[in-house]
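Visitor: Read left to right, the sequence shown gives residues 2 to 102 (the numbering used here).
All C-beta atoms, glycine included, are put in the ideal place defined by N, C-alpha and C.
Have a look at the structure that comes next, please.
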Amino acid sequence: SGIVGLAATAATAACPTIPLDPPPPPPRHRHPIEAEAERKFLQIRLNTIVRAQEREEEREWKVELWRKQGGGTLDSVLASGAAALLDAKWIISHAEAGGGL
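Written out as structure tokens, the structure reads:
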């Protein structure tokens, strides 16, 4: 058993294990201009996301306001393509005067 163990130890020492994952590269020192450019890029992306969310919230608010003020009754007319929205003031004044569309 001693000779077999000795042979196994010698074989292991002759064949070092190779790690499966390579070590990570050393940290790279970035130039201050490069770091500032990346910071600005990330800030622009964040601002774009925030503005998109604000536009969506504003759109939802406008749709809700449109429906509260009775605009929902015009939805089917406008969606059908049967009427073209040429002058919103005329349509509103016409509807307020009791005219039909």
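Helix, strand or coil for residue 30, going by three-state DSSP, please let me know.
Guide: coil
Visitor: According to DSSP, simplified to helix, strand and coil, what is residue 111?
Guide: The question about residue 111 has no answer, for the chain in this structure spans 2 to 102.
Visitor: DSSP three-state label for residue 22, please.
Guide: coil
Visitor: Quick check: the Cα distance between residue 98 and residue 79, rounded to an integer number of angstroms?
Guide: 19 Å
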